[in-house]
Structure formats: C-alpha cells, structure tokens
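Q: Under the numbering used here, the first residue of the sequence shown carries the number 99, and numbering increases by one thereafter.
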Amino acid sequence: MRVLKKQLKHNLALFLFSSLLSAIPAMAATDLEAQESFARALAKSHQKETDHAAHENHTDKSLEFHGVFYGFLPCNDCNGIKTTLSLKQNNNYLLVTQYAKESSREFYEKGKYSWNDENHTVVLTPRKGGTSTRRYHIENEGTLIQLNDDGTRKTDEAGRYVLQRSDTVKSREIHIH
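#1: May I ask you to report which of helix, strand or coil DSSP gives E237?
#2: Between G209 and T223, how many whole angstroms is the CB-CB distance? I'm expecting something under 8 angstroms.
#3: Under a Cβ-count criterion, where at least 16 other Cβ atoms within 10 Å of its own Cβ denotes burial, should G169 be classed as buried or exposed?
#4: Going by DSSP, what residue range makes up the beta strand (DSSP E) through Q196?
#5: Quick check on Y206: buried or exposed, where buried means 16 or more other Cβ atoms within 10 Å of its Cβ?
#6: Looking only at C-alpha atoms, which of R203, S201, T182, R258 sits nearest to V194?
#7: Could you work out which residue in A256, Y211, N109, D254 is closest to R225 when comparing CA atoms only?
#8: What is the rounded straight-line gap between the Cα of Y191 and the Cα of E131?
#9: If you follow the beta strand (DSSP E) that T75 is in, where does it begin and where does it stop?
#10: To the nearest angstrom, how far is it from the Cα of H108 to the Cα of E134?
#11: Counting only C-beta atoms, is I243 closer than 8 angstroms to chain D at any point?
#12: At what residues does the beta strand (DSSP E) containing N214 begin and finish?
#13: For A127, does the three-state DSSP call read helix, strand or coil?
#14: Of all the options T250, Y197, S201, which has the alpha carbon lying nearest to the alpha carbon of H218?
#15: Can you tell me which of the three DSSP states K180 falls into?
#16: By a C-beta neighbour count over all protein chains shown, 10 Å radius and 16 as the cutoff for buried, is K180 buried or exposed?
#17: Give the C-beta separation of V220 and T231 to the nearest angstrom, bearing in mind that I take them to be a contact with Cβ-Cβ under 8 angstroms.
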C-alpha cells in the first residue's frame with residue numbers, strides 16, 4: 099500500500115509538472131506578442147516626423163493670433179504710455195503699461211481675451227479689479243489698433259494708437275516728438 103501511495107504521488111507530480119511545462123511556451127508566446135506590440139506603439143509615439151496638421155482644429159482663430167505687441171500710446175497728462183500686450187495661446191493676456199512721467203512705475207493687468215472674427219477685434223477682459231474691457235482692431239497679423247470703449251475707432255491722433263507685434267518690428271526704440 100505504501101509503494102502504491104508513493105507511486106501515485108510520483109505520477110501525480112509528474113503529471114502536474116508536464117502540464118505546467120506544456121503551458122509555459124504558450125504563455126511565453128503571449129508575452130512576446132505583448133512586448134512586440136508595446137515596442138511598436140512606443141516607436142510610433144517617438145516618431146519625430148509625424149504630421150499633425152491633418153487633425154489640428156483651426157476654427158478658433160485666436161489660437162493662431164498670439165504674440166507680444168509693443169507701442170507708445172498717447173496720454174493727456176503725460177508724454178505717452180509705453181504699452182506691452184502679450185496675447186498667449188490659452189486666451190490669457192498680460193498688459194503692462196508705464197506712463198512717461200516722473201514716476202516710472204509699471205502697471206500690470208491680467209485677464210482673458212476673446213476674438214471676434216466678424217469685426218476683426220480682440221476684446222481684453224481683466225481678471226479682477228481692472229479697468230473695463232479694452233478693444234483692439236486687428237489691422238493685420240502684426241498690428242493692433244486701440245479702439246474706444248464702444249468699439250469705434252479713435253478720431254483724435256488715430257495713427258498713434260497702434261501696437262506692433264514684436265517679430266514684425268526691427269527695433270523697439272520709440273521717438274517722442
């Protein structure tokens with residue numbers, strides 16, 4: 099009886115070992131296929147020459163129209179206002195103004211801007227506690243013209259309410275006459 103029990107245990111162990119051994123190549127092949135699949139996906143994601151133009155959405159023009167604009171705007175009680183407007187891709191803006199008088203303090207205003215394609219205007223809405231909205235007419239992709247609060251063009255010294263995009267201007271020198 100002992101011999102029979104020992105032989106039964108031996109046969110059972112042999113059967114389990116052989117069944118596990120036969121299952122290992124199937125698992126290895128599955129793991130190998132998974133590794134190849136991951137390697138192909140990784141290689142595809144690291145391709146540098148992928149053209150993403152086919153799936154870009156250009157319906158929102160404000161995503162294309164951004165940059166830093168400079169100008170020296172007129173001022174009633176000083177020599178002018180040095181103005182820097184940065185329109186960022188996420189529809190945020192930063193407006194930095196500095197009055198040309200004894201105090202050369204800079205004023206900062208942050209907020210959101212919106213693009214009106216019909217009127218060719220950009221409307222700046224301050225985040226908190228700033229002035230009312232500011233409006234600029236888009237003359238071309240490198241020029242903004244400041245408008246009145248109601249959206250009409252300024253009539254007095256209209257040519258002086260201009261901001262130029264930094265990459266279209268060779269120099270930021272301002273001449274005051």
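Built from N, CA and C at the ideal position, the CB exists for glycine as well.
A: In this structure, then:
#1: Residue numbering aside, residue 237 sits at position 139 when the sequence shown is read from its first letter. Strand, per DSSP.
#2: Position 111 of the sequence shown holds residue 209. Position 125 of the sequence shown holds residue 223. By a beta-carbon distance limit of 8 angstroms, G209 contacts T223. Their separation comes to about 5 angstroms.
#3: Along the sequence shown, one-based indexing puts residue 169 at 71. Looking at its Cβ environment, which holds 16 or more other Cβ atoms inside 10 Å, G169 is buried.
#4: Here residue 196 refers to the residue found at position 98 of the sequence shown. Per DSSP, Q196 belongs to the beta strand (DSSP E) from 190 to 197.
#5: Here residue 206 corresponds to residue number 108 of the sequence shown, with the count starting at 1. By the C-beta density criterion, Y206 is exposed, having fewer than 16 other C-beta atoms within 10 angstroms.
#6: One-based indexing of the sequence shown puts residue 194 at position 96. Ranking R203, S201, T182, R258 by CA distance to the CA of V194 puts T182 first.
#7: Taking the first residue of the sequence shown as position 1, residue 225 is located at position 127. Out of A256, Y211, N109, D254, Y211 has the C-alpha closest to the C-alpha of R225.
#8: On the sequence shown, residue 191 is found 93 positions in, with the first residue counted as 1. On the sequence shown, residue 131 is found 33 positions in, with the first residue counted as 1. Each residue's alpha carbon lies about 50 angstroms from the other.
#9: No information on residue 75 is available, as it lies outside the stretch 99 to 275 that the chain covers here.
#10: Position 10 of the sequence shown holds residue 108. Position 36 of the sequence shown holds residue 134. Taking the straight line joining both Cα atoms gives about 39 angstroms.
#11: Of the protein chains in the structure, only one exists, and it is not chain D.
#12: Locating residue 214 in the sequence shown gives position 116, counting from the first residue. 204 to 214 is the span of the beta strand (DSSP E), which, as asked, contains N214.
#13: What you label residue 127 is simply residue 29 of the sequence shown in a count that begins at 1. Summary for A127: the model assigns pLDDT 49, below 50, so the residue's position carries little reliability, and this model does not support an answer.
#14: Here residue 218 corresponds to residue number 120 of the sequence shown, with the count starting at 1. Just measuring C-alpha positions, the residue of T250, Y197, S201 sitting nearest H218 is T250.
#15: Indexing the sequence shown from 1 puts residue 180 at position 82. The answer is strand: DSSP assigns K180 an E or B state.
#16: For the purposes of this step, residue 180 is identified with residue 82 of the sequence shown, where counting begins at 1. Buried: at least 16 other Cβ atoms inside 10 Å.
#17: Position 122 of the sequence shown, counted from the first residue, corresponds to residue 220. Position 133 of the sequence shown, counted from the first residue, corresponds to residue 231. Taking 8 angstroms as the upper bound for CB-CB distance, V220 and T231 are not in contact here, some 10 angstroms apart.
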